[in-house]
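Step one of this worksheet: look at the structure below.
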Amino acid sequence: MSKLALLGGSPVRKKAIPWTSTMGEEELSAVTNVMKSGVLSAFLANSGEKFLGGPKVKELEAAFCQRFHSKYAVTVNSATTALHTAVAACGIGPGDEVIVSPYTMVASASAILMNGATPIFVDIDSNTYTLNPEKIEEWITPRTKAILTVNIFGLPSNLPKITEIAKRHNLYVIEDNAQAPGATIDGKEAGTFGDIGVFSLNYHKIIHSGEGGVLVTDNKDLAYRCQLVRNHGEVALDEEGDMETAILGSNYRMSELHAAIGIEQLKKLDGFLNKRRFLADKISGALKNFDGLNGVFVPEGYTHSYYVYPMQYNKSVWGIKRETFALAMKAEGFPLGVGYVKPIYLMNLYKHKRIFNDTKYPFAFINPPTQNYQKDICPVVETMHYETLLNVDICREPFNEINIDEFFEAVQKIWNERDILRKYEKDNLSCP
Ligand SMILES: Cc1ncc(COP(=O)(O)O)c(C=O)c1O
């Protein structure tokens, strides 16, 4: 049976709505001006004035400081390199453990491994999908140096509680805020609760420059260490004869072109967020009419950025598998994300612990290991991923109110015809 023939009649939408760019005349003219200036990058890896980059890089950093009320901002070429930089800046290395969410893009955990430290995965809250503060202290050991919390899908983690726990145990807090620019708790910006916050400017984020990342911090020393990691800092330190803060750097520098685009996109952030929040509210309102599909939960005092709109599917209400529901929605022109990224500790890399040949480095540094990366260590994340979570990506451009109505027309159609899908499941044992 072909996917499109799952339900009768014509699909609500013949084709899924394609991704569109949020680039406008402003970005085009900003890039043109940089091209005309001939200064595509101004970084030099020495302790001179070019160590901190060119005018657009500095302008974007100043704009981030202003928009997010942060004292320092350091641009880099991705959130992945920003995360690596953040962990390095905190002086975290072999023998250290960092608590991290298992439900995130892999870079959040890889940043820990790339610094030679060991990720310790703590379960998430089933309503917010972010680290469950109640579970954190169970996993704190004398080796724990930081909590790397992820503001996933656009919702800030429980940062007041997480920072309070960190303070009590003398730990750093690093916020992976790649998905939640502009989200807030009681008016304070996500990304600015911890010691360092990380933003992404990659092309599928709310604002972007193709690729890019930004670190924000209020701590001068951490900002300096981030600048060192970004630009082969060991060279600069050597020249100044200052090895007190020895740190290994790389080339994580952002080009002037990317910075120029980022400046224009940042100006548009609040407009993008208004639209996303408007569409998300419409989805939440419509979901009240559907049993078996629960909408997003936004705790009191929080605002959400709606990088995606997470829903929870209840199979016992629908009587069909989540995967069948998603297949039928796709056939109606609305592809859904089924779960998110596999819980990270279940990935092969953690199973085999093979990164640097057969040395088992850095895992072998901690013996016996604090965590075995086995199934069931974070039961909530496993339920979300394998049973309930659906990710809906219809709050971004170019979606509009009519598309939200169409989305629910498709949901209603599937609800009305779920007997056909039940039969489909029976007849197609290979159906997911
Ligand atoms: C939560 C999270 N962290 C980190 C990253 C990495 O971002 P980048 O692609 O800018 O390296 C992403 C990107 O998808 C992400 O969603």
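Sequential numbering from 1191 applies to the sequence shown in the numbering used here.
Ideal placement from N, C-alpha and C gives every residue a C-beta, glycine not left out.
Environment of residue i [buried if 16+ CB atoms lie within 10 Å]
i	result
SER1219	exposed
ILE1592	exposed
LEU1338	buried
ASN1348	buried
GLY1198	exposed
ASP1376	exposed
LEU1194	Residue placement at LEU1194 cannot be trusted, given a pLDDT of 40 that sits under 50; the coordinates are not used to answer.
SER1227	exposed
SER1211	exposed
LEU1438	exposed
PRO1622	Confidence in PRO1622 is poor, its pLDDT being 45 and thus under 50, which makes the residue's placement too unreliable to answer from.
THR1331	exposed
PHE1403	Going by the sequence as given, residue 1403 is Gly instead of Phe. GLY1403 should be labelled buried.
GLU1215	exposed
GLY1529	buried
TRP1179	There is no way to answer for residue 1179, as the model of the chain reaches only from 1191 to 1622.
THR1560	exposed
GLN1564	exposed
PRO1625	Residue coverage of the chain in this structure runs from 1191 to 1622, which leaves residue 1625 outside it and unanswerable.
LYS1261	exposed
GLU1596	buried
ASN1479	exposed
VAL1264	buried
Per DSSP, cross-strand counterpart(s) of residue i
i	result
TYR1563	Looking at the DSSP assignment, TYR1563 forms no beta bridge with any residue, so it has no partner.
TYR1362	ALA1336
SER1390	GLY1403
ASN1441	ASN1421
THR1265	VAL1404
LEU1483	TYR1503
GLU1379	THR1374
Cβ distance (whole Å) where residue i is taken to contact residue j below 8 Å
i	j	result
ILE1453	LEU1250	5 Å
GLY1285	PHE1555	5 Å
ARG1466	SER1495	7 Å
MET1304	HIS1274	5 Å
VAL1571	PRO1292	5 Å
PRO1500	ASN1581	6 Å
VAL1202	ALA1600	4 Å
PHE1383	VAL1363	7 Å
THR1308	ILE1342	That belief does not hold up - the Cβ atoms of THR1308 and ILE1342 are roughly 22 Å apart, past 8 Å.
ILE1567	TYR1535	6 Å
VAL1221	ALA1450	6 Å
* By C-beta, the residues closer than 6 Å to any heavy atom of ligand 1, given in chain order -> Here the residues come out as SER1268, ALA1269, THR1270, THR1294, MET1295, ALA1297, SER1298, VAL1340, ASP1366, ALA1368, GLN1369, SER1390, ASN1392 and GLY1403.
* To do: Enumerate, from N- to C-terminal direction, the unbroken alpha helix (DSSP H) stretches of 4 or more residues contained entirely within the segment 1487-1559.
  => Fully enclosed alpha helix (DSSP H) runs of 4 or longer: 1505-1508, 1512-1521 and 1538-1542.
* Asked: What residue ranges within the segment 1573-1622 form continuous alpha helix (DSSP H) runs of no fewer than 4 residues, ordered along the chain?
  -> Given a length threshold of 4 residues, each whole run of the alpha helix (DSSP H) inside the segment 1573-1622 is given here in chain order: 1591-1606 and 1608-1617.
* Asked: Which runs of the alpha helix (DSSP H) fall wholly inside the segment 1213-1258 and span at least 4 residues, in chain order?
  -> Taken in chain order, the unbroken stretches of alpha helix (DSSP H) that lie wholly in the segment 1213-1258 and span 4 residues or more are 1215-1227 and 1245-1258.
* Asked: Which residue spans inside the segment 1270-1327 form an unbroken alpha helix (DSSP H) run of at least 4?
  -> Taken in chain order, the complete alpha helix (DSSP H) segments of 4 residues or longer contained in the segment 1270-1327 are 1297-1304 and 1323-1326.
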